[in-house]
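**Q** Following this message is one structure expressed as structure tokens.
In the UniProt record's numbering, the protein residues as written are 1 to 196.
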């Protein structure tokens with residue numbers, strides 16, 4: 001189940017398609033002919049839906065009409081906003097696709113790469129310029145997006161662990177969950193927290 005703004009909820013139905021419901025109403029608004037939704041993201045009046053079938057859909061978030069679609073390198077686990085027209089898809093086996101929406105509401109792939117060796121379960125923007133945090137099947141990594149491409153930095157945390165969720169906290173810290181471990185972890189990357 002995913003939210004579309006404050007008004008609508010997306011639910012994968014028994015036929016693996018996407019049903020749209022208005023919040024607080026049990027009647028279905030529409031069923032989208034999209035199979036195996038994994039993640040959704042809203043930017044302004046545009047809805048992105050990533051699937052297990054290696055597809056990214058661009059949808060009008062007001063009418064729920066499909067505007068465009070594009071094949072990605074792999075199964076989409078997560079998405080993150082880069083700017084008002086650009087998103088990052090974190091995928092199976094460490095693949096990333098950076099997709100931009102052109103004015104005609106067309107999807108254009110501007111970068112693709114196999115950046116990491118494990119699945120990318122979560123991507124969040126950090127409080128540092130152009131930097132993003134990747135929660136992966138082999139740790140927590142950081143990358144910088146410049147000149148329409150991603151470059152990994154040397155920062156690596158929890159190497160070899162399945163970091164399944166990451167949330168940015170105030171002052172640049174992160175709240176993380178690791179698969180098969182109880183509790184959550186707080187990671188502080190501030191200069192004061194680093195050993196001298």
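For every residue, glycine included, the Cβ atom is placed at its ideal position computed from N, Cα and C.
Could you check the C-alpha separation between residue 105 and residue 87 for me, to the nearest Å?
**A** Each residue's alpha carbon lies about 14 Å from the other.
**Q** For a test of the three-state rule: what should DSSP assign to residue 93, helix, strand or coil?
**A** Three-state result, residue 93: helix.
**Q** Across which residues does DSSP place residue 188 in a beta bridge pair?
**A** 173.
**Q** How many Å lie between residue 4 and residue 114 at the Cα?
**A** Whole-angstrom Cα-Cα distance: 29 Å.
**Q** Would you decide whether residue 160 is buried or exposed? Buried here means 16 or more other CB atoms lie within 10 Å of its CB.
**A** Exposed, because fewer than 16 other Cβ atoms sit within 10 Å of the Cβ of residue 160.
**Q** Can you give the beta carbon distance from residue 74 to residue 54, rounded, assuming they're within the 8 Å contact cut?
**A** That pair is a contact at about 6 Å.
**Q** Does the distance from the CB of residue 117 to the CB of residue 143 come in under 8 Å?
**A** No, they are not a contact pair.
**Q** Could you spell out where the beta strand (DSSP E) holding residue 63 opens and where it closes?
**A** Run containing residue 63: none; DSSP gives neither H nor E here.
**Q** Just to confirm the assignment: which complete beta strand (DSSP E) runs, minimum length 3, are found wholly within the segment 2-30?
**A** Those beta strand (DSSP E) runs which fall completely within the segment 2-30 and span 3+ residues are 2-4, 8-12 and 18-22.
**Q** For residue 69, write down the residues that DSSP places opposite it in a beta bridge.
**A** In DSSP, residue 69 forms a bridge with 57.
**Q** In this structure, does DSSP put residue 50 in helix, strand or coil?
**A** Residue state, collapsed to three classes: strand.
**Q** How about residue 52 and residue 38: are their beta carbons less than 8 Å apart?
**A** Contact flag set, yes.
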